[in-house]
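In my numbering, the protein residues as written are 2 to 362. Here is the structure we will look at, set down as structure tokens.
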Ligand SMILES: NC(=O)c1ccc[n+]([C@@H]2O[C@H](COP(=O)([O-])OP(=O)(O)OC[C@H]3O[C@@H](n4cnc5c(N)ncnc54)[C@H](OP(=O)(O)O)[C@@H]3O)[C@@H](O)[C@H]2O)c1
């Protein structure tokens with residue numbers, strides 16, 4: 002049976018360590034977890050069974066492998082040290098028999114977006130960023146429809162617009178929206194992406210390093226490697242939709258709760274074809290997964306064991322190809338969720354009513 006492995010790491014240190022080791026998660030303080038994560042080897046977390054292609058009926062299996070670095074650790078250690086542990090996780094995947102390795106969350110963010118890791122392994126590697134971008138675009142357009150926002154009249158802001166996923170999302174959404182504002186830290190990198198986005202845009206494309214400008218945006222996609230809680234409540238426009246693709250999230254639960262006139266949702270979630278069992282609760286509901294894992298599974302369904310979505314400059318052609326392949330095998334955009342809860346119609350109506358009655362913006 003063709004198989005894959007997917008690398009995960011703790012996002013919320015105490016909660017995620019407790020998922021595997023309830024006692025350690027309870028007793029270890031967060032700084033101790035950050036410290037200890039440096040010395041822990043990669044480990045097999047679970048066996049994934051039951052995923053079946055809706056197109057071919059092919060069944061695949063996989064493994065979740067944890068690299069115990071926290072996001073905070075990966076941001077502060079030298080990339081060469083982080084690579085070493087991800088590559089060790091890749092060798093573990095090879096021993097298990099996997100033919101495709103997906104890099105989850107910061108394991109694809111670090112360094113050169115998968116190139117160095119792929120060079121050191123015999124199996125194929127994907128960052129999963131193509132399908133993450135495609136799914137985030139579909140979810141954002143769906144959320145705008147739910148909030149009665151006409152995209153062609155809206156200002157889209159992409160925070161982390163100079164990044165791999167952010168740049169691609171901006172390019173894919175540009176033909177649908179009125180104007181685009183890229184937000185980031187590096188003026189030159191932002192300007193280079195803005196030029197690319199302008200080629201497909203229907204309206205003005207601008208960029209800024211001032212997060213405060215976010216408060217003008219009707220539609221926000223935030224997809225950074227900031228380490229979490231980047232966007233503050235006062236930065237959001239009343240009635241806006243906000244797709245948070247970042248892990249750890251750029252929008253904290255406190256920010257979301259204090260803005261009940263804004264629709265904040267998790268980007269990148271899809272439902273999986275077949276009766277999949279991930280064998281471990283890694284923070285998404287049963288039968289669902291993140292776009293990056295879905296991309297790893299799609300390539301395994303296809304039997305395409307070649308590197309995919311490598312580096313920081315994603316190909317729009319490859320993203321569209323991945324979207325079509327995933328759709329064919331039966332992956333579907335999941336119902337929108339916000340902080341582990343489904344966004345049903347009643348919640349959306351409440352947010353809309355709040356925004357229409359003046360909101361907090
Ligand atoms: N939900 C999912 O399915 C899924 C899948 C894959 C990845 N992800 C998440 O997506 C995020 C981005 O991944 P990526 O591969 O696109 O990473 P990336 O290529 O490294 O891009 C990250 C972007 O964030 C920007 N950034 C970092 N800190 C910032 C700050 N304090 N203020 C403003 N901008 C900041 C960077 O700006 P500079 O240019 O200045 O560095 C860069 O543009 C990560 O959080 C990752 O975990 C989610």
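By construction, the Cβ of each residue, glycine as well, lies at the ideal position given by its N, Cα and C atoms.
Cβ-heavy atom distance, residue i to ligand 1, below 7 Å
| i | result |
| --- | --- |
| residue 1 | Outside the displayed span of the chain (2 to 362) sits residue 1, for which this structure offers no information. |
| residue 110 | yes |
| residue 188 | no |
| residue 314 | no |
| residue 160 | yes |
| residue 244 | no |
| residue 293 | yes |
| residue 272 | no |
| residue 131 | no |
| residue 179 | no |
| residue 185 | yes |
| residue 248 | yes |
| residue 117 | no |
| residue 107 | yes |
| residue 167 | yes |
| residue 222 | no |
| residue 163 | yes |
| residue 71 | no |
| residue 297 | no |
Residue i versus residue j: straight-line alpha-carbon distance, rounded
| i | j | result |
| --- | --- | --- |
| residue 100 | residue 12 | 26 Å |
| residue 357 | residue 97 | 55 Å |
| residue 125 | residue 303 | 13 Å |
| residue 152 | residue 82 | 43 Å |
| residue 248 | residue 340 | 12 Å |
| residue 253 | residue 34 | 21 Å |
| residue 149 | residue 143 | 10 Å |
| residue 46 | residue 21 | 8 Å |
| residue 1 | residue 168 | The chain is shown only over 2 to 362; residue 1 falls outside these bounds and no answer can be derived. |
| residue 165 | residue 312 | 8 Å |
| residue 362 | residue 57 | Caution applies to residue 362, whose pLDDT of 47 falls short of 50 and renders its modelled position unreliable; the value that the coordinates give is listed next. So the two alpha carbons sit approximately 49 Å from each other. |
| residue 117 | residue 39 | 20 Å |
| residue 353 | residue 196 | 34 Å |
| residue 261 | residue 267 | 16 Å |
| residue 18 | residue 293 | 22 Å |
| residue 54 | residue 37 | 40 Å |
| residue 276 | residue 76 | 36 Å |
| residue 44 | residue 280 | 14 Å |
| residue 221 | residue 212 | 12 Å |
| residue 94 | residue 65 | 9 Å |
| residue 78 | residue 92 | 21 Å |
| residue 240 | residue 349 | 10 Å |
| residue 26 | residue 42 | 17 Å |
| residue 176 | residue 31 | 44 Å |
| residue 122 | residue 259 | 46 Å |
| residue 283 | residue 223 | 22 Å |
Cβ neighbours of residue i in the same chain (closer than 6 Å, five flanking residues each side left out)
| i | result |
| --- | --- |
| residue 299 | 326, 327, 330 |
| residue 343 | 336 |
| residue 1 | The shown model of the chain, from 2 to 362, leaves out residue 1, and the question about it has no answer. |
| residue 5 | 63, 99, 101, 297, 301 |
| residue 87 | 68, 108, 118 |
| residue 8 | 66, 68, 90, 104, 105, 108 |
Residue environment, residue i, which counts as buried when at least 16 other CB atoms sit within 10 Å
| i | result |
| --- | --- |
| residue 318 | exposed |
| residue 133 | buried |
| residue 28 | exposed |
| residue 274 | buried |
| residue 307 | exposed |
| residue 255 | exposed |
| residue 16 | exposed |
| residue 154 | exposed |
| residue 321 | exposed |
| residue 185 | buried |
| residue 203 | exposed |
| residue 346 | exposed |
| residue 315 | buried |
| residue 359 | exposed |
Contacts around residue i, its chain only, beta-carbon distance under 8 Å, and the 5 residues preceding and following it disregarded
| i | result |
| --- | --- |
| residue 229 | 72, 247, 249, 250, 251, 253 |
| residue 115 | 104, 109, 126, 127, 128, 308, 310, 311, 312 |
| residue 217 | 156, 158, 182, 238 |
Nonlocal neighbours in the same chain, by C-beta distance under 7 Å from residue i, ignoring five residues either side
| i | result |
| --- | --- |
| residue 112 | 80, 84 |
| residue 61 | 2, 3, 4, 5, 52, 298, 301, 302 |
| residue 174 | 138, 141, 157 |
| residue 209 | 182, 184 |
Contact test: residue i Cβ vs ligand 3 heavy atom, cutoff 7 Å
| i | result |
| --- | --- |
| residue 192 | In the structure on display, ligand 3 does not appear, and the ligands it does have are ligand 1. |
Q. Taking only runs of the alpha helix (DSSP H) that begin and end inside the segment 136-182, which ones reach a length of at least 4 residues, in chain order?
A. You should have 165-174.
Q: Pick out the complete beta strand (DSSP E) segments inside the segment 208-257, 3 residues or longer, and give them in chain order.
A: DSSP runs (the beta strand (DSSP E)) wholly in the segment 208-257: 220-223, 242-245.
Q: For the segment 244-330, list the beta strand (DSSP E) runs that are entirely contained and at least 3 residues long, ordered along the chain.
A: Restricted to the segment 244-330, the beta strand (DSSP E) segments that are unbroken, complete and at least 3 residues in length are 264-267, 270-272, 275-278, 289-291, listed in chain order.
**Q.** Minimum length 3: unbroken beta strand (DSSP E) runs contained in the segment 46-128
**A.** Counting only runs of 3 or more, we get 60-67, 101-104, 125-127.
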